[in-house]
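This report concerns only the one structure given below.
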Amino acid sequence: MYYFTLAFIYLAVCAVTALFVARKSEPLTLDSKTYQIVAWAFLLFATLEYWIVGDLSYLNSSVELEHSLPVFLFEALWHDGGQFAHGFSGGNDWAAMFLHSGQYFSFERFIVAHLPLGAAQFVHKMSVYGISFLGMYLLARRVAKCARPQSAAVAALSVFGHNYMTIADWNHGVGFAATSMAVYLIVFRAGRRWYWTGIAALGGLVAMSSSITHSNMTLLMTTFVLILLSDRKYRFRILSALFLFLFILLLNWHESLFAKVQLSAWSFRGVEYNHTSQTVAEFLEKFTRVIDIWIYWLIPAAGGLAVLKWRKQPWQALAVALVTCMLTGLLLNELPWRTIGLGALHGINFKNSGYGVPTVVCLIVAYALAALPSQLLKSRMFPSASWSTVGLALVIGMAAGNVARNKTANLSNWLSQGGLTVLKTENLVKRDWQPQDHPFRVVTFPYRLPLQIMPVLGLDTLDGQYNLVLGSVAKFWRDGILKHPLDMSSGFVTIETNSLDLKCCASYDISKHADIDLLRLLNVEFIISTLPLHGGELRLVDGPESSFVPPRRSDPLLKRLPIYFELAVRPKKAYIYALPPARPRLYGATSVETGDPFDYARLRKIGAQGGVIIDAKSAVNVNFDIQTFVPKRVRSFRLVRDGVEAKLDATDSQGLVVLNIPYTPFWNAKAGDHILKPIPVNGMQMGVVVPAGATDLTFTYHRPTLRETIAGRLGGLI
Numbered sequence: 018m019y020y021f022t023l024a025f026i027y028l029a030v031c032a033v034t035a036l037f038v039a040r041k042s043e044p045l046t047l048d049s050k051t052y053q054i055v056a057w058a059f060l061l062f063a064t065l066e067y068w069i070v071g072d073l074s075y076l077n078s079s080v081e082l083e084h085s086l087p088v089f090l091f092e093a094l095w096h097d098g099g100q101f102a103h104g105f106s107g108g109n110d111w112a113a114m115f116l117h118s119g120q121y122f123s124f125e126r127f128i129v130a131h132l133p134l135g136a137a138q139f140v141h142k143m144s145v146y147g148i149s150f151l152g153m154y155l156l157a158r159r160v161a162k163c164a165r166p167q168s169a170a171v172a173a174l175s176v177f178g179h180n181y182m183t184i185a186d187w188n189h190g191v192g193f194a195a196t197s198m199a200v201y202l203i204v205f206r207a208g209r210r211w212y213w214t215g216i217a218a219l220g221g222l223v224a225m226s227s228s229i230t231h232s233n234m235t236l237l238m239t240t241f242v243l244i245l246l247s248d249r250k251y252r253f254r255i256l257s258a259l260f261l262f263l264f265i266l267l268l269n270w271h272e273s274l275f276a277k278v279q280l281s282a283w284s285f286r287g288v289e290y291n292h293t294s295q296t297v298a299e300f301l302e303k304f305t306r307v308i309d310i311w312i313y314w315l316i317p318a319a320g321g322l323a324v325l326k327w328r329k330q331p332w333q334a335l336a337v338a339l340v341t342c343m344l345t346g347l348l349l350n351e352l353p354w355r356t357i358g359l360g361a362l363h364g365i366n367f368k369n370s371g372y373g374v375p376t377v378v379c380l381i382v383a384y385a386l387a388a389l390p391s392q393l394l395k396s397r398m399f400p401s402a403s404w405s406t407v408g409l410a411l412v413i414g415m416a417a418g419n420v421a422r423n424k425t426a427n428l429s430n431w432l433s434q435g436g437l438t439v440l441k442t443e444n445l446v447k448r449d450w451q452p453q454d455h456p457f458r459v460v461t462f463p464y465r466l467p468l469q470i471m472p473v474l475g476l477d478t479l480d481g482q483y484n485l486v487l488g489s490v491a492k493f494w495r496d497g498i499l500k501h502p503l504d505m506s507s508g509f510v511t512i513e514t515n516s517l518d519l520k521c522c523a524s525y526d527i528s529k530h531a532d533i534d535l536l537r538l539l540n541v542e543f544i545i546s547t548l549p550l551h552g553g554e555l556r557l558v559d560g561p562e563s564s565f566v567p568p569r570r571s572d573p574l575l576k577r578l579p580i581y582f583e584l585a586v587r588p589k590k591a592y593i594y595a596l597p598p599a600r601p602r603l604y605g606a607t608s609v610e611t612g613d614p615f616d617y618a619r620l621r622k623i624g625a626q627g628g629v630i631i632d633a634k635s636a637v638n639v640n641f642d643i644q645t646f647v648p649k650r651v652r653s654f655r656l657v658r659d660g661v662e663a664k665l666d667a668t669d670s671q672g673l674v675v676l677n678i679p680y681t682p683f684w685n686a687k688a689g690d691h692i693l694k695p696i697p698v699n700g701m702q703m704g705v706v707v708p709a710g711a712t713d714l715t716f717t718y719h720r721p722t723l724r725e726t727i728a729g730r731l732g733g734l735i
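Written out as structure tokens, the structure reads:
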């Protein structure tokens with residue numbers, strides 16, 4: 018019903034606006050000064066809800082507050098500059114885990130570090146919408162040769178191109194939005210003055226404000242495809258400019274890309290997930306989904322191409338460019354990357370190369386508007402309207418429909434999910450309930466409370482939404498912790514599954530959705546929720562003064578609305594539930610068994626007492642003799658940059674110490690003068706065999722950087 022409502026609003030506003038403009042007796046005109054006023058007014062209105070009340074403003078909770086903005090806030094406020102982040106999702110490689118982490122310079126990181134959040138929102142949103150508007154305006158005005166009103170209308174239409182440009186742009190910066198500007202500067206300014214300077218300037222901006230695996234894929238693919246429209250004598254220069262642009266991007270992103278390549282072999286996407294269709298029916302289903310994604314854009318594209326054909330204007334290259342943009346990602350996903358020796362590309366979703374469709378469609382529409390004749394339509398409904406005016410009216414109508422649809426969706430989400438104010442939740446900012454003597458983790462019951470804000474507020478999490486989820490983490494959550502299946506391919510490590518209706522009940526039994534014993538094994542001491550919970554031996558340690566329940570779907574609308582408004586401005590305290598005692602971040606094993614480390618039934622039985630399951634092969638590899646094993650007691654430990662330092666009690670025999678962080682081969686350990694090799698244990702932990710007499714233990718995370726790798730290779734050749 019929600020999507021039908023949005024579609025109805027879009028069509029209604031589109032029709033009313035188009036009829037109003039088409040029936041005007043005088044054609045629309047814009048001088049240069051008026052155009053600038055109109056452009057600024059449109060951009061301010063388009064971004065209004067994101068900055069109008071400063072830190073109380075709107076931001077999409079399920080996308081940008083769940084995944085993107087907190088990453089920049091965490092890096093600006095908490096991250097110590099190392100390779101490893103203890104706070105995110107059980108501990109992760111910082112450069113590898115997010116699509117927008119690991120770059121040297123970040124525009125978004127800079128503005129959240131130096132501006133109030135509301136001001137940072139304003140600067141960011143105006144940058145994204147502004148570069149999209151200006152780039153398409155230049156394409157329409159200088160390439161398609163539209164008049165100013167037509168150019169401004171097409172530019173306004175392009176601003177709401179797709180979700181990555183509207184509700185996920187903190188993820189992708191100006192990357193998607195700058196596609197039209199890149200096409201203009203690289204393809205259509207070839208041979209003009211300051212050509213290379215403009216490309217270098219845009220390349221620098223996009224390098225600092227984009228996502229290397231998503232938006233940059235679209236920008237480069239769309240620009241490459243639209244070379245079809247360029248003058249043949251400039252095509253080598255254009256290709257050279259594309260390589261320059263890519264080189265500038267890689268200057269800022271090479272270490273991030275290298276980190277993702279290195280971790281890909283251990284990730285869920287690299288190990289288990291497969292984009293390749295297994296049957297023809299599956300491929301056809303994916304093809305249908307592509308058409309469904311772009312249905313809003315295919316209709317004006319068809320109309321524009323029909324106009325060009327009618328007016329005997331070149332249309333074939335534009336049609337080929339549109340189809341190529343739309344289907345290239347789908348076809349690239351079908352390639353057997355492992356078979357051809359490019360396994361690192363196996364987990365990449367090349368669908369992201371196809372988000373240039375709105376740019377191509379808007380260019381088609383611009384060419385069509387320029388081709389429409391100025392003669393009167395001779396219609397009773399539009400007695401004084403020309404073909405050109407009607408075309409302009411339709412485009413203005415579509416742009417107005419886009420604005421209305423997005424404003425409606427944002428208002429609905431603002432009320433239903435909340436906005437930036439969630440970062441000011443009283444008992445998450447000031448935590449009297451928090452233990453001060455040891456590190457611990459939390460998980461979030463995900464209603465009006467984005468998982469990713471917890472590290473920003475200084476809390477370590479086990480859950481989270483990030484891109485490169487380790488295979489062991491995905492398996493442990495999917496098969497062990499969760500009571501209902503969850504697709505991990507997009508990095509949603511969360512209690513929220515399709516079986517969880519978050520707007521139906523006054524209280525939820527947590528034990529029906531998550532395994533409390535396995536959460537405790539992984540150092541989870543608290544569950545944070547805006548909804549009352551029960552089950553699983555939970556103990557309420559902090560929360561609202563009364564047993565507050567957010568509005569439920571069954572409540573009358575007039576009762577829900579004022580409470581929604583109040584929560585959007587002033588969120589209630591969260592419910593803080595303590596779990597029964599959990600395993601520490603670092604502890605000595607009390608017992609060791611060989612077997613499958615993912616045997617969840619055995620882990621539930623022995624894990625709470627410090628028992629450990631290791632693979633028999635791993636035990637042999639580190640010369641671990643279970644028969645001579647003696648429990649080691651960890652006297653103290655502390656989390657440090659890229660590692661953990663601990664003091665142990667000396668014993669007369671070897672023991673096993675467990676680090677409550679998922680294993681990857683980039684961990685090393687040292688006890689005194691002994692170099693130790695960590696091994697995976699208990700599914701989502703790692704352990705080291707500590708020799709007799711050792712009292713000091715250090716874990717260190719170091720993944721070789723690209724610079725170190727190149728230097729090592731060159732050093733070996735000298």
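In the numbering used here, the protein residues as written are 18 to 735. C-beta: ideal position from N, C-alpha, C; glycine also. Note that the coordinates shown come from a computational prediction; the quantities given were computed from them, not determined experimentally.
> Can you tell me whether DSSP reads S79 as helix, strand or coil?
Replying inline: For the purposes of this step, residue 79 is identified with residue 62 of the sequence shown, where counting begins at 1. Coil.
>> Please list the terminal residues of the continuous beta strand (DSSP E) segment that includes W311.
In response: Here residue 311 refers to the residue found at position 294 of the sequence shown. No residue range can be given for W311, since it is assigned to no beta strand (DSSP E) and is classified by DSSP as neither H nor E.
> In chain order, what residues of the same chain lie with their CB nearer than 6 Å to the CB of Y617, ignoring the 5 residues before and after it?
Replying inline: Walking along the sequence shown from the start, residue 617 turns up at place 600. G497, listed in sequence order.
> Does the pairing of the segment 91-107 with the segment 711-723 give three or more beta-carbon distances under 8 Å?
Replying inline: yes
>> Using C-beta distances below 6 Å, list every residue in its chain close to Y154, excluding the 5 sequence neighbours before and after it, in chain order.
In response: Within the sequence shown, the letter at position 137 stands for residue 154. Around Y154: S168, A172.
>> Using 7 Å as the threshold, is the C-beta distance between E125 and F89 below it?
In response: On the sequence shown, position 108 is the one that residue 125 refers to. On the sequence shown, position 72 is the one that residue 89 refers to. Closer than 7 Å, so yes.
> How would you write the range of the alpha helix (DSSP H) that A686 sits in, first residue to last?
Replying inline: If you number the sequence shown from 1, residue 686 lands on position 669. Here A686 belongs to no alpha helix (DSSP H); instead the beta strand (DSSP E) covers 684-688.
> From this set, L222, R252, N188, W187, which residue's C-alpha is nearest F205's C-alpha?
Replying inline: As a working mapping, residue 205 is identified with position 188 in the sequence shown. Nearest neighbour of F205 by Cα position, chosen from L222, R252, N188, W187, turns out to be R252.
> Would the segment 196-213 and the segment 372-380 be scored as touching if the rule is three or more Cβ pairs under 8 Å?
Replying inline: yes
> Over what stretch of residues does the alpha helix (DSSP H) that includes I255 continue unbroken?
Replying inline: Locating residue 255 in the sequence shown gives position 238, counting from the first residue. 252-281 is the extent of the alpha helix (DSSP H) around I255.
> Helix, strand or coil: which one does DSSP assign to M415?
Replying inline: Within the sequence shown, numbered from 1, the residue matching residue 415 stands at position 398. Of the three classes helix, strand and coil, the one that applies to M415 here is helix, per DSSP.
> Straight-line CA distance for P353 to Q295?
Replying inline: As a position in the sequence shown, residue 353 is number 336, starting the count at 1. As a position in the sequence shown, residue 295 is number 278, starting the count at 1. Rounded to the nearest angstrom, the two C-alpha atoms are 12 Å apart.
> Roughly how many angstroms separate the alpha carbons of L362 and H96, rounded to a whole number?
Replying inline: Within the sequence shown, residue 362 is the residue found at index 345, counting from 1. Within the sequence shown, residue 96 is the residue found at index 79, counting from 1. Spanning the two alpha carbons is a distance of roughly 29 Å.
> Alpha carbon to alpha carbon, what distance is there between G414 and A29?
Replying inline: To locate residue 29, count along the sequence shown from 1; it is residue 12. To locate residue 414, count along the sequence shown from 1; it is residue 397. The alpha-carbon atoms of A29 and G414 are separated by roughly 9 Å.
>> Here's the rule I'm using: 16 or more other beta-carbon atoms within 10 Å means buried, otherwise exposed. How should M18 be labelled?
In response: By one-based count along the sequence shown, residue 18 stands at place 1. Exposed.
> With a CB to CB cut of under 6 Å and the five nearest residues on each side skipped, what residues in its chain are close to Y212?
Replying inline: Indexing the sequence shown from 1 puts residue 212 at position 195. Taken in chain order, the residues that qualify are R206.
> Between which two residues does the alpha helix (DSSP H) carrying R621 extend?
Replying inline: Residue mapping note: residue 621 aligns to position 604 of the sequence shown, counting from 1. Here the alpha helix (DSSP H) through R621 covers 617-623.
> Helix, strand or coil: which one does DSSP assign to H551?
Replying inline: To locate residue 551, count along the sequence shown from 1; it is residue 534. It is a strand residue.
> Between which two residues does the beta strand (DSSP E) harbouring G215 extend?
Replying inline: Along the sequence shown, read from residue 1 onward, the residue named residue 215 stands at position 198. Here G215 belongs to no beta strand (DSSP E); instead the alpha helix (DSSP H) covers 212-225.
> Among the residues of its own chain, which have a CB less than 8 Å from the CB of Q671, if the five just before and after it don't count?
Replying inline: Indexing the sequence shown from 1 puts residue 671 at position 654. F641, D642, T645, F646, V647, V706, V707, P708, A709.
> According to the neighbour-count rule (16 or more other Cβ atoms, all chains shown, within 10 Å of its Cβ), is I741 buried or exposed?
Replying inline: Only positions 18 to 735 of the chain appear in this structure, which leaves residue 741 out of reach.
>> Please tell me whether P614 and G700 are closer than 7 Å, where the distance is taken between their beta carbons.
In response: For the purposes of this step, residue 614 is taken as residue 597 along the sequence shown, with counting starting at 1. For the purposes of this step, residue 700 is taken as residue 683 along the sequence shown, with counting starting at 1. Taking 7 Å as the Cβ cut-off, P614 and G700 qualify as a contacting pair.
> What are the boundary residues of the beta strand (DSSP E) that P166 is part of?
Replying inline: The residue labelled residue 166 in the question sits at position 149 within the sequence shown. P166 -> not in any beta strand (DSSP E); alpha helix (DSSP H) instead, spanning 165-176.
> Of the choices L550, R422, G553, M225, whose alpha-carbon is the least far from that of A24?
Replying inline: For the purposes of this step, residue 24 is taken as the residue at position 7 of the sequence shown. Ranking L550, R422, G553, M225 by Cα distance to A24 puts R422 first.
> Considering only residues of the same chain and omitting the five flanking positions on each side of G418, which have a CB-CB separation below 6 Å?
Replying inline: Along the sequence shown, read from residue 1 onward, the residue named residue 418 stands at position 401. These residues qualify, in order along the chain: Y27, V30, C31.
> At what residue ranges does the segment 334-404 contain a whole run of the alpha helix (DSSP H), taking only runs of 4 or more?
Replying inline: Whole alpha helix (DSSP H) segments, 4+ residues: 374-388.
>> If you follow the alpha helix (DSSP H) that L693 is in, where does it begin and where does it stop?
In response: Counted from its first residue, the sequence shown places residue 693 at position 676. First-last for L693: 691-693, but that is the beta strand (DSSP E), not the alpha helix (DSSP H).
> Mind checking whether A523 and M505 have CB atoms under 7 Å apart?
Replying inline: For the purposes of this step, residue 523 is identified with residue 506 of the sequence shown, where counting begins at 1. For the purposes of this step, residue 505 is identified with residue 488 of the sequence shown, where counting begins at 1. It is not a contact, given that the beta carbons lie outside the stated cut-off.
> Where does R458 sit, in a helix, a strand or coil, going by DSSP?
Replying inline: Position 441 of the sequence shown, counted from the start, is the residue given in the question as residue 458. It is a strand residue.
>> So, for T681: in the same chain, excluding its five sequence neighbours on each side, which residues have a beta-carbon less than 6 Å away from its beta-carbon?
In response: Looking up residue 681 in the sequence shown gives position 664. Same-chain partners within the cutoff: W283.
> Given that a residue counts as buried once 16 or more other Cβ atoms are within 10 Å of its Cβ, and exposed if not, what is W740?
Replying inline: Only positions 18 to 735 of the chain appear in the structure, and residue 740 is not among them; the question remains open.
> What's the gap between the Cα of L245 and the Cα of A334?
Replying inline: Residue mapping note: residue 245 aligns to position 228 of the sequence shown, counting from 1. Residue mapping note: residue 334 aligns to position 317 of the sequence shown, counting from 1. Going by the C-alpha atoms only, they are around 6 Å apart.
> In terms of residue numbering, what span does the alpha helix (DSSP H) encompassing F493 cover?
Replying inline: As a position in the sequence shown, residue 493 is number 476, starting the count at 1. That run of the alpha helix (DSSP H) goes 488-493.
> Where DSSP assigns a beta bridge to D110, which residues make up the other side?
Replying inline: Residue 110 sits at position 93 when you count from the first residue of the sequence shown. Its beta-bridge partners are F101.
> Which residues in the same chain have their Cβ closer than 8 Å to the Cβ of L578, if we skip the five residues on either side of it in sequence?
Replying inline: For this step, residue 578 is matched to residue 561 along the sequence shown. L432, listed in sequence order.
> Hey, M143 and T64: beta-carbon distance below 7 Å or not?
Replying inline: Taking the sequence shown and counting its residues from 1, the one referred to as residue 143 is at position 126. Taking the sequence shown and counting its residues from 1, the one referred to as residue 64 is at position 47. Result yes, Cβ atoms of M143 and T64 sit closer than 7 Å.
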